[in-house]
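Everything on this sheet refers to the single structure shown next.
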Ligand code: HAS
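Numbering (full-length UniProt numbering), first residue to last: 9 to 550.
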């Protein structure tokens with residue numbers, strides 16, 4: 009692996025895990041502050057800690073890891089090294105994102121941006137918080153441009169050839185990100201920054217939330233797709249099998265590009281100011297975006313089964329026996345897949361209008377995203393580091409570290425079972441999310457929630473131990489014995505059909521994406537601009 013590229017990748021991975029550590033500390037502290045077990049100095053309370061936790065884990069850990077992972081695969085599959093311009097864009101993106109992150113964390117800890125990771129208006133943060141977010145987004149765009157540039161150059165020198173699957177998937181992931189972030193960029197630049205500087209007095213709240221969720225839902229697929237890249241491309245190699253179908257994998261990514269964005273209203277089903285018709289339409293589109301996940305599940309089962317058959321296993325579940333259960337590079341992502349079955353089912357519940365009325369703004373939703381992003385995605389990312397760090401630093405994974413990785417994975421799953429399990433249950437009993445207020449004047453319902461809150465705290469402590477373990481493993485991986493580790497890229501099964509070329513017709517897919525967005529959003533947004541609810545003056549959180 010090219011040494012210079014390795015440095016760029018490792019810089020991203022280490023920053024990501026630094027954010028995970030600080031975000032993990034903030035996560036545990038917010039639970040303790042909320043439970044009343046500790047009080048922190050400098051007025052650092054529940055909302056400051058929860059904002060730091062959400063921003064660092066959900067926005068910073070993920071974005072850094074994803075950019076680092078994609079750059080590693082781009083270097084590996086598109087010519088064996090990054091082009092000088094791609095590498096330069098990667099570093100400038102990294103610097104901008106890092107400056108943004110540092111400013112953001114300082115502002116949050118100073119208590120001037122206790123607005124949580126969704127920064128909903130009319131809660132108002134210091135303008136520096138929004139400027140910090142803008143820097144992170146602009147930095148990530150530059151990194152995305154680097155990937156597009158290398159891809160276009162590769163296509164020019166390899167005319168008529170199908171691009172490698174990893175590179176194709178990277179392009180879709182970044183394309184999704186670039187289009188989705190236009191929504192949050194508009195919200196931050198046009199609405200939040202002028203309002204928080206005091207240049208305008210009020211803000212159109214429903215519009216700001218619509219622009220946020222235009223970004224916020226595809227954001228979750230920006231997290232998911234790199235995990236799917238591991239499941240589709242890397243896992244087949246690690247289990248000693250083949251990719252079931254290149255065409256199916258590409259088609260599922262195309263469907264994510266098309267259907268991830270025009271669905272944001274399923275986060276706003278309980279909000280006034282958006283008519284039923286547009287909510288209905290976006291719920292239908294939400295059920296469309298489930299299809300590529302079902303295709304992924306099908307493809308994974310097929311990969312596992314073909315692998316089993318090729319090794320002589322018999323019966324409906326014989327293939328289970330030949331999976332490499334003791335290899336953390338498989339085990340951690342596999343646990344992510346397994347958890348994604350109930351996690352995805354929870355998503356379907358959320359997306360159903362009537363059931364959303366039951367779960368919206370309760371801890372159920374917090375439980376849902378701790379299974380999806382904080383388990384399925386996070387465990388897959390953890391599984392990746394056990395080969396990615398050795399590949400880019402020229403080291404090897406030792407049996408001891410592999411074993412520690414398995415222990416870390418199990419600890420994470422146990423912690424999450426407690427935490428997310430009780431969040432789901434207590435959410436159904438009505439316990440709200442995003443609040444430090446626990447007892448509601450000793451209301452009987454709130455008293456009933458208490459045992460679940462205790463179970464959540466126990467889960468949180470186990471998870472914090474698991475965060476410390478993964479950090480230990482990362483440090484140990486950085487010091488593992490020198491050696492050669494192969495980048496585990498799967499090959500496509502001989503039995504699969506050839507991939508149709510239209511899957512790489514970007515003009516077609518981008519045009520369809522734009523059409524779907526225009527259909528789903530134009531009229532509601534015009535409505536929100538031309539019939540604004542009275543502008544809100546804002547609630548300053550410090
Ligand atoms: Fe979600 C809220 C709907 C997926 C993350 N979601 C959230 C929030 C986050 C989030 C962060 O419709 C909270 C935002 C906030 O702060 O307010 N979500 C869905 C739907 C899906 C979904 C329909 N969500 C995700 C993913 C996330 C994520 C993925 C992160 C990575 N979500 C919602 C809705 C809300 C919501 C509403 C708003 C709720 C509210 O009212 O506020 C779907 O994409 C899920 C489809 C998934 C599947 C599962 C496929 C299974 C696979 C695994 C196969 C396993 C194998 C191994 C092969 C259909 C691929 C098995 C082996 C054996 C041996 C058994």
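All C-beta atoms, glycine included, are put in the ideal place defined by N, C-alpha and C.
Small disclaimer: the values here were computed from a predicted structure and weren't measured.
heavy atom of the ligand HAS below 7 Å from residue 305 C-beta: yes
beta-carbon residue 190 near the ligand HAS non-hydrogen atom, thresh 7 Å: no
Residue 336 and residue 388 closer than 8 Å at C-beta: no
C-alpha gap between residue 262 and residue 454, whole angstroms: 45 Å
Bridge partner(s) assigned by DSSP for residue 544: BP columns for residue 544 point to 211.
Inter-residue spacing [alpha-carbon to alpha-carbon] between residue 376 and residue 385: Computed Cα separation, rounded: 13 Å.
Nearest-angstrom beta carbon gap, residue 294 and residue 271 [assumed within contact, 8 Å]: Between residue 271 and residue 294, the beta carbon gap of about 5 Å places them in contact (Cβ cut-off 8 Å).
Beta-carbon spacing of residue 136, residue 111 below 8 Å: Judged by their CB atoms, residue 136 and residue 111 are nearer to each other than the 8 Å cut-off.
Whether residue 187 touches residue 521 by CB criterion (8 Å): yes
Residue of 242, 328, 422, 398 minimising C-alpha distance to residue 347: Shortest Cα-Cα distance from residue 347 to any of 242, 328, 422, 398 involves 422.
Secondary structure, alpha helix (DSSP H): runs of 4+ residues fully inside the segment 75-141: 92-117
Any non-hydrogen atom of the ligand HAS within 7 Å of residue 252 CB: Not under cutoff, so the answer is no.
Endpoints, alpha helix (DSSP H) assigned at residue 520: 514-538
Short Cβ contact (8 Å threshold) for residue 212 with residue 291: Contact: no.
Secondary structure of residue 500, DSSP reduced to three states: strand
Under 8 Å between C-beta atoms of residue 121 and residue 59: yes
Secondary structure of residue 441, DSSP reduced to three states: coil
Where residue 276 falls, given that 16 or more other Cβ within 10 Å makes a residue buried: buried
Three-way DSSP call (helix, strand, coil) for residue 370 in this model: strand
With 16 other Cβ atoms within 10 Å as the buried cut-off, status of residue 79: buried
Which residues DSSP lists as bridging residue 251, in chain order: 500
Residue 509 in three-state terms, based on DSSP: Secondary structure at residue 509: helix, using DSSP grouped into helix, strand and coil.
Run of the alpha helix (DSSP H) containing residue 489, from where it starts to where it stops: Element bounds for residue 489: n/a, residue is neither H nor E.
Exposed unless 16 or more other CB atoms sit within 10 angstroms - verdict on residue 408: exposed
Contacting residues, own chain, Cβ-Cβ under 6 Å from residue 235 (five flanking each side not counted): 385, 388.
Nearest neighbour of residue 341, chosen from 106, 196, 241 [CA to CA]: For the options 106, 196, 241, the alpha carbon positioned closest to that of residue 341 is the one of 241.
Member of 248, 254, 199 whose CA lies at the smallest distance from the CA of residue 504: 254
Reference residue 525; option with closest CA among 400, 86, 265: 265
With 16 other Cβ atoms within 10 Å as the buried cut-off, status of residue 451: exposed
Opening and closing residue of the alpha helix (DSSP H) in which residue 242 lies: It is not in any alpha helix (DSSP H) - residue 242 carries neither H nor E in the DSSP assignment.
Continuous alpha helix (DSSP H) stretch holding residue 204: start and end: 201-205
Whole-Å CB distance - residue 1 paired with residue 146, under 8 Å assumed: The structure shown has nothing for residue 1, since the chain only spans 9 to 550.
Integer-rounded CB distance, given that residue 222 should sit under 8 Å from residue 269: 7 Å
Expected contact under 8 Å - CB spacing of residue 207 and residue 532 to nearest Å: Contact flag wrong, Cβ pair sits at about 26 Å.
Classification of residue 461 by the beta-carbon crowding that lies within 10 angstroms, buried from 16 upward: buried
Neighbourhood of residue 428 by C-beta distance below 6 Å, restricted to the same chain and skipping five residues each side: 375, 378, 379
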